[in-house]
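The opening position of the sequence shown corresponds to residue 1 in the UniProt record's numbering, with each subsequent residue numbered one higher. All C-beta atoms, glycine included, are put in the ideal place defined by N, C-alpha and C. Each remark here refers to the structure printed beneath this line.
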Amino acid sequence: MTSLTDTTQGDTRDSSLKKPTLGTTKNWKRFWLDTWRFEILAWAFSVVCFVAICTLLKVYENKVRPQLAYSLSLNAIISVLATGCKSALFLVVGEAVCQLKWLHFRGPRQQRLSGMQEFDNASRGPLGSISIIVSHQAKSLVCLGAAVIVILLAFEPFMQQVISYPVLAVNITDGKAAAKQLHGALVSPAVLKTFTLEQAAQSMWSLSDDFAAAWGQGLWSNDGFEVAPVCSSGNCTWEEFTSAGICSQCSDMTSSAVLDCNPPSLNSSSNMTCQIKIPDGAAYTFSVTTTFLDDFAQVDFNLPYSILWRVYDNENVGRNTSLAPNVTFGGMRSPIAAYGHAKVNFSTPLHPSLVNSNVISIKKLTMCGLGDCLRNYNVSTSNGQASIQTGDPEFGMRYNERRHNFTDPSSVFTYVPTDYDFTSCWIPDNKSKAGFAYCVPWFNSSLHFISQGDYGFLPASDKQTYSYRNGSFRSEYSFEDPFISRIDHLGLEKIMSNVAASLTKLQLEKTNRTFSGTAHSSEVFVKVKWEWMILPGCLVLAGSLFFIATMVVNRTARMPLWKSSALAPLYHGLEKQEGDRLVTAISMEVEAENYKVQLMSSDGDGRLVLRRKSLEFDNPPNLPGPDLTPRFGSSSAHGYTRI
1 MTSLTDTTQG
11 DTRDSSLKKP
21 TLGTTKNWKR
31 FWLDTWRFEI
41 LAWAFSVVCF
51 VAICTLLKVY
61 ENKVRPQLAY
71 SLSLNAIISV
81 LATGCKSALF
91 LVVGEAVCQL
101 KWLHFRGPRQ
111 QRLSGMQEFD
121 NASRGPLGSI
131 SIIVSHQAKS
141 LVCLGAAVIV
151 ILLAFEPFMQ
161 QVISYPVLAV
171 NITDGKAAAK
181 QLHGALVSPA
191 VLKTFTLEQA
201 AQSMWSLSDD
211 FAAAWGQGLW
221 SNDGFEVAPV
231 CSSGNCTWEE
241 FTSAGICSQC
251 SDMTSSAVLD
261 CNPPSLNSSS
271 NMTCQIKIPD
281 GAAYTFSVTT
291 TFLDDFAQVD
301 FNLPYSILWR
311 VYDNENVGRN
321 TSLAPNVTFG
331 GMRSPIAAYG
341 HAKVNFSTPL
351 HPSLVNSNVI
361 SIKKLTMCGL
371 GDCLRNYNVS
381 TSNGQASIQT
391 GDPEFGMRYN
401 ERRHNFTDPS
411 SVFTYVPTDY
421 DFTSCWIPDN
431 KSKAGFAYCV
441 PWFNSSLHFI
451 SQGDYGFLPA
461 SDKQTYSYRN
471 GSFRSEYSFE
481 DPFISRIDHL
491 GLEKIMSNVA
501 ASLTKLQLEK
511 TNRTFSGTAH
521 SSEVFVKVKW
531 EWMILPGCLV
541 LAGSLFFIAT
551 MVVNRTARMP
561 LWKSSALAPL
571 YHGLEKQEGD
581 RLVTAISMEV
591 EAENYKVQLM
601 SSDGDGRLVL
611 RRKSLEFDNP
621 PNLPGPDLTP
631 RFGSSSAHGY
641 TRI
């Protein structure tokens, strides 16, 4: 057996130890076993793996998920590198912990023999590492390595959280994204001088049918008023843009309305004429029919209950004046048209002879205007589904000009009477959007069809009959108009809002103007959450510092590199073993707890062995006495004897 001798007592460097004969040892074993080269290589491999992970993450961060050869995924590569980094780091830290075991027993004080097992357990896994941290109260260098081994449990879970794959939109350069945008009233060229009377009439009737259908949809439908944008990829976005359109605005005019009725004639069947008058608007006239049967024994009163009529239309104003119409209906200044909805109340008297104009009153009168407006649009499409959000309407001012000032012959009507020959203009209140101002010939534009847009619906009313029978009145409907019933159900404000939206939709469908957006395709991107790299990075750094510190401490102590060698305890174990009776593991554990040793040179053959303090110093007689713990390199005269 190769032996190590110590010829100089107390020399902590053991400079006189005999060198083993290594002539027959293979060079490659000598290269790895007696140096830190293998551990340095493993440490370098761990660092390289970590740097490679960081490099890969940086290269592919915010990029489209790569399609790698052999169907490899980025996660798989990161996982392999993380496993290599962790395994190599664990090896390095474990070997350093094992080497610290020998330095621990080579120190100036004797240590419990059970510490050998503690160090070995710490080098093998987290449970042993936790035990040695508690045992050493986190005050020794080995506790740093033990902490690294424990926290290495979280290395791979943290690495798995680093990468996520969000689905993001990517711009398509050759994609198409177009949303309809209206810049004002539409003009039909079909009524210009270049067309024959037959062509003009045909075009006008076609446009009239379109607007009639739009009115009908607004009256009877509650949705479907949006014009879907064109998006080639199914995923498109647009910047906020402004578009013109038709809007409605309503207000309660009950307090401003006046009901004027003629006194009824009560001696025979007769009609009483009543008129609803509103400021600046067209009045509505209706009749109250009185039918007498058997003197006053049976009397029927017929009168409208709910009425809708056109209060104002700019066409009549434009035909008669070139001034800006300074009128407001429903809160809207100079609208294209305005509509009133009145509910009539009949207060039944005690006897028909008491019926007069005072028993008829206006229960409620609502007025709504239709006019030009601007809205801001936020449009997007996702997976083929369009989302259209509109802002609050912005209104403006309308004024009219006589057409005879125009000299362009192509803009002269071929068959429209002279009194129809005028131009209507609109200017937005917001001067920054003056580009949406327009002037168009009234009669061959969409304005004409909007202002004349009753299309058989207006005026409309339902009739109510009040019958006097057997000394009392009772009310019953004799006629109920479906259109009026819908207004009574939804309210004029909702109906006119739908009509405005439907008219806007029609004009958007007919315009050729569009606002361009950006088409996107859905791509899977690599997102790196760098905060999850902090712990792995700290572990690599702490493990590196621990390894370097161990090498420095070991070099200072001139301790041979035994590390985790299983042969070292056999050649340099207890100087004198009395363990034949210790068969079970627990008996050896208990004995080791009460067994203090120190790694030092044997007095006999000079080998480095674990020597035990003499029993009389462990249990001094009578008095405890002073601390006799020997320092490193003490001779047997200071308290050590051969075990």
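Checklist entry - Any idea what DSSP makes of G125, helix, strand or coil? => result DSSP places G125 in the coil class of the three-state scheme, outside both helix and strand.
Checklist entry - From what residue to what residue does the alpha helix (DSSP H) around R555 run? => result In the DSSP annotation of this structure, the continuous segment of the alpha helix (DSSP H) that includes R555 starts and ends at 534 to 557.
Checklist entry - Less than 7 Å between the CB of A337 and some heavy atom of the ligand FMN, yes or no? => result The ligand content of the structure shown is nil, which means the ligand FMN is not present either.
Next on the checklist: Once the 5 residues before and after residue 651 are set aside, which same chain residues still bring their CB inside 8 Å of it?
Outcome noted: Summary: the structure shown does not reach residue 651, with the chain confined to residues 1 through 643, and so no result is reported for it.
Checklist entry - Between which two residues does the beta strand (DSSP E) containing K505 stretch? => result Careful: K505 lies outside any beta strand (DSSP E), inside the alpha helix (DSSP H) at 492 to 510.
Item to check | C425 versus S445 - alpha carbon distance | outcome: If I take the Cα positions, the gap works out to 12 Å.
Checklist entry - What are the boundary residues of the beta strand (DSSP E) that T366 is part of? => result 360 to 382
Item to check | 8 Å Cβ cutoff met for A88 and W36 | outcome: no
Next on the checklist: Tell me which residues share the same chain as V64 and place their Cβ nearer than 8 Å to its Cβ, disregarding the 5 neighbours each side in the sequence.
Outcome noted: V170, E523, V524, F525, V526
Checklist entry - Do the stretch 74 to 93 and the stretch 43 to 54 touch if we need at least three Cβ pairs shorter than 8 Å? => result yes
Item to check | Terminal residues of the alpha helix (DSSP H) in which V93 lies | outcome: 74 to 105
Checklist entry - Anyone know if the C-beta pair for H520 and T237 falls short of 8 Å? => result At the C-beta level, H520 and T237 come within 8 Å of one another.
Checklist entry - Over what stretch of residues does the beta strand (DSSP E) that includes S446 continue unbroken? => result No beta strand (DSSP E) holds S446; the alpha helix (DSSP H) holding it covers 446 to 451.
Checklist entry - In whole angstroms, what separates the C-alpha of S361 from that of S497? => result 28 Å
Item to check | alpha helix (DSSP H) runs contained entirely in the stretch 36 to 80, provided each spans 4 or more residues | outcome: 37 to 60
Item to check | Nonlocal neighbours in the same chain, by C-beta distance under 8 Å from I163, ignoring five residues either side | outcome: L57, L74, N75, I78, V526, K527, V528, K529
Next on the checklist: Contact defined as beta carbons within less than 8 Å: I believe V148 pairs with F546. What is the distance between those atoms, to the nearest angstrom?
Outcome noted: In this structure V148 touches F546 by the C-beta definition: roughly 6 Å separates them, less than 8 Å.
Item to check | F119 - partner residues in DSSP beta bridges | outcome: Looking at the DSSP assignment, F119 forms no beta bridge with any residue, so it has no partner.
Item to check | Continuous alpha helix (DSSP H) stretch holding L259: start and end | outcome: Premise fails: L259 lies in the beta strand (DSSP E), 258 to 261, not in any alpha helix (DSSP H).
Checklist entry - Within the chosen definition, does the stretch 503 to 517 reach the stretch 241 to 248 through at least 3 CB pairs nearer than 8 Å? => result yes
Item to check | Bridge partners - H520, DSSP secondary structure assignment | outcome: N171, N235
Checklist entry - Between F395 and C261, what straight-line distance do the alpha-carbon atoms span, to the nearest angstrom? => result 37 Å
Item to check | Where L365 falls, given that 16 or more other Cβ within 10 Å makes a residue buried | outcome: buried
Item to check | Whole-number beta carbon distance between R375 and Y339, since they are thought to touch under 8 Å | outcome: With a Cβ gap of about 21 Å, Y339 and R375 do not count as contacting.
Next on the checklist: Measuring alpha carbon to alpha carbon, tell me which residue in K363, M397, E61, Y438 is nearest D429.
Outcome noted: M397
Checklist entry - Which same chain residues, not among the five before or five after D210, have their C-beta less than 7 Å away from its C-beta? => result Result list for D210: L506, in chain order.
Next on the checklist: Let me check understanding here. Comparing Cα to Cα, which of C368, I307, R474, D313 lies closest to G330?
Outcome noted: C368
Item to check | Between the CA atoms of G371 and D313 - distance to the nearest angstrom | outcome: 10 Å
Checklist entry - Taking three-plus beta-carbon pairs below 8 Å as touching, is the stretch 220 to 234 in contact with the stretch 167 to 186? => result yes
Next on the checklist: Check for me: the alpha helix (DSSP H) holding I151 runs from which residue to which?
Outcome noted: 141 to 151
Checklist entry - Going by DSSP, which residues form a beta bridge with R333? => result T328
Item to check | Nearest candidate by alpha-carbon position, reference Y466, set I276, N302, T511 | outcome: N302
Item to check | For D136, the three-state DSSP class (helix, strand or coil) | outcome: The displayed chain sequence assigns His, not Asp, to residue 136. Three-state result, H136: coil.
Next on the checklist: If you measure between the beta carbons of Y438 and G184, is that distance less than 8 Å?
Outcome noted: yes
Next on the checklist: Looking only at its chain, what residues have a beta carbon closer than 6 Å to the beta carbon of C98, apart from the 5 residues adjacent to it on each side?
Outcome noted: S123, K563, S564
Next on the checklist: Please classify A213 as buried or exposed, where buried requires at least 16 other C-beta atoms within 10 Å of its C-beta.
Outcome noted: exposed
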